[in-house]
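Q: Residue numbers (this note's numbering): 642 to 888. Backbone N, C-alpha and C define an ideal beta-carbon position, used for all residues, glycine too.
1) Which value, in whole angstroms, describes the spacing of the CA atoms of residue 846 and residue 715?
2) Using CA atoms only, rank isn't needed, just tell me which of 827, 872, 726 and 756 is closest to residue 897.
3) Considering residue 749, what are the terminal residues of the alpha helix (DSSP H) in which it resides?
4) Should the region 744 to 764 be regarded as contacting the region 783 to 795, the criterion being three or more beta carbon pairs within less than 8 Å?
5) Which of the three DSSP states, helix, strand or coil, is assigned to residue 658?
6) Taking DSSP as the reference, what is the three-state secondary structure of residue 851?
7) From residue 653 to residue 769, what distance separates their C-alpha atoms?
8) Just the C-alpha distance for residue 720 and residue 870, rounded to the nearest angstrom, thanks.
9) For the candidate residues 812, 648, 875 and 675, whose alpha-carbon lies nearest to that of residue 752?
10) Return helix, strand or coil for residue 888, following the three-state DSSP convention.
11) Taking Cβ positions, are residue 713 and residue 863 nearer each other than 8 Å?
12) Could you tell me which whole beta strand (DSSP E) segments of length 3 or greater appear in the region 813 to 869?
13) Does the Cβ of residue 789 have 16 or more other Cβ atoms within 10 Å, making it buried, or fewer, making it exposed?
14) Please report how far the alpha carbon of residue 696 lies from the alpha carbon of residue 655, in whole angstroms.
15) Could you check whether residue 787 and residue 794 sit closer than 8 Å to each other, using their CB atoms as the reference points?
16) Looking at the secondary structure, which residues open and close the alpha helix (DSSP H) in which residue 683 lies?
17) Name the two residues that bound the continuous beta strand (DSSP E) containing residue 711.
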């Protein structure tokens with residue numbers, strides 16, 4: 642039995658695995674995906690994946706006894722985003738004097754995001770996130786909203802090596818949030834990426850009610866993606882299926 646694990650890094654919104662496009666050939670996709678799923682179960686003791694929304698056929702993973710949960714996210718088409726309509730939004734007009742600043746991820750940024758996540762994430766998972774962010778800083782950048790004094794009001798972390806602008810983590814200052822500054826921040830982020838040549842902005846999650854209601858106000862398309870687990874220990878695998886209420 643293998644002793645290694647394949648885990649999703651905090652620096653990636655979705656797992657980097659080589660799946661073919663199922664649009665080319667459904668038959669080929671099923672064969673290749675089944676072989677890949679089988680290979681993962683044999684090679685790794687413990688597997689945790691998040692599949693890109695483009696991968697909707699997860700049958701090969703189910704055939705190989707993976708536990709699967711359906712997740713949701715909102716993805717904004719930046720090519721369809723109208724700058725003029727955004728500039729007319731009250732929250733945008735109110736805060737448009739603020740600076741949007743791109744920078745490399747640093748240690749202070751990581752600490753701030755970990756503090757923000759403390760109330761939402763289990764301590765053991767929080768430690769893994771912090772370690773992953775630290776080890777993969779060279780792939781990560783921040784996009785920040787700052788006032789005239791250079792004070793941080795909101796910030797997102799994204800992986801600059803990805804073709805899609807993926808909001809991996811987000812934090813904002815409480816008074817800014819209470820004054821609906823987050824609405825400005827999200828639209829400002831979208832316009833920044835649009836002007837950089839990106840075509841999509843992924844909110845990276847919309848499962849919890851409060852988050853889903855908030856993100857649904859933006860011009861994004863609801864998309865489904867799948868989170869998958871497999872453990873070579875049959876009892877642990879069975880426990881996950883029970884605890885996660887597999888689809």
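A: Short version:
1) In the chain shown, residue 846 corresponds to position 205, counting from 1. In the chain shown, residue 715 corresponds to position 74, counting from 1. The straight-line gap from Cα to Cα measures roughly 7 Å.
2) Absent from the structure is residue 897, since the part of the chain shown begins at 642 and ends at 888.
3) By 1-based counting over the chain shown, the position of residue 749 is 108. Residues 748 to 758.
4) The region 744 to 764 vs the region 783 to 795: in contact.
5) The sequence position of residue 658 within the chain shown is 17, counting from 1. Three-state DSSP puts residue 658 in coil, outside helix and strand.
6) Stepping through the chain shown from its first residue, residue 851 is reached at position 210. Of the three classes helix, strand and coil, the one that applies to residue 851 here is helix, per DSSP.
7) Position 12 of the chain shown holds residue 653. Position 128 of the chain shown holds residue 769. Counting only the Cα atoms, residue 769 lies some 13 Å from residue 653.
8) The sequence position of residue 720 within the chain shown is 79, counting from 1. The sequence position of residue 870 within the chain shown is 229, counting from 1. If you take the alpha carbons of residue 720 and residue 870, they lie about 35 Å apart.
9) Locating residue 752 in the chain shown gives position 111, where the first residue counts as 1. Here the closest residue by C-alpha is 812.
10) Translated into positions along the chain shown, residue 888 becomes position 247. At residue 888, the pLDDT of 48 sits below 50, so the modelled position is not reliable; the number obtained from the coordinates is stated separately. Note: residue 888 maps to coil in three-state DSSP.
11) If you number the chain shown from 1, residue 713 lands on position 72. If you number the chain shown from 1, residue 863 lands on position 222. Yes. Within cutoff.
12) Complete beta strand (DSSP E) runs here, min 3: 841 to 843.
13) The sequence position of residue 789 within the chain shown is 148, counting from 1. Label assigned to residue 789: exposed.
14) The count along the chain shown starts at 1 and reaches residue 696 at position 55. The count along the chain shown starts at 1 and reaches residue 655 at position 14. Residue 696 and residue 655 have their C-alpha atoms roughly 11 Å apart.
15) Reading the chain shown from its first residue, position 153 is the one you call residue 794. Reading the chain shown from its first residue, position 146 is the one you call residue 787. In this structure, residue 787 lies closer than 8 Å to residue 794 by Cβ.
16) Numbered from its first residue, the chain shown carries residue 683 at position 42. Per DSSP, the unbroken alpha helix (DSSP H) holding residue 683 starts and ends at 667 to 684.
17) Position 70 of the chain shown, counted from the start, is the residue given in the question as residue 711. Per DSSP, residue 711 belongs to the beta strand (DSSP E) from 708 to 718.
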